[in-house]
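In this note's numbering, the protein residues as written are 198 to 255.
A short write-up of the structure that comes next.
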């Protein structure tokens, strides 16, 4: 089965919350997060926050 998702770089000027909201509204299965604008390497607090938002997509 093919699942449709998006790369967050497409919405680089938008917040994490806006990206997740769009993913929910369009019924996307997943988001690949960009390291430059949404989840920077080593920022575990942000990564856990984003993870908690994305879990709600399922």
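Don't be surprised by glycine CBs; every beta carbon is placed ideally from N, CA and C.
Quick caveat, the model's predicted, so the values are computed rather than measured.
{"Check": "Residue 228 and residue 245 closer than 8 Å at C-beta", "Outcome": "no"}
{"Check": "Proximity below 8 Å, CB of residue 236 to CB of residue 251", "Outcome": "no"}
{"Check": "Simplified DSSP assignment, three categories, for residue 236", "Outcome": "coil"}
{"Check": "Contacting residues, own chain, Cβ-Cβ under 8 Å from residue 212 (five flanking each side not counted)", "Outcome": "none"}
{"Check": "Short Cβ contact (8 Å threshold) for residue 201 with residue 232", "Outcome": "no"}
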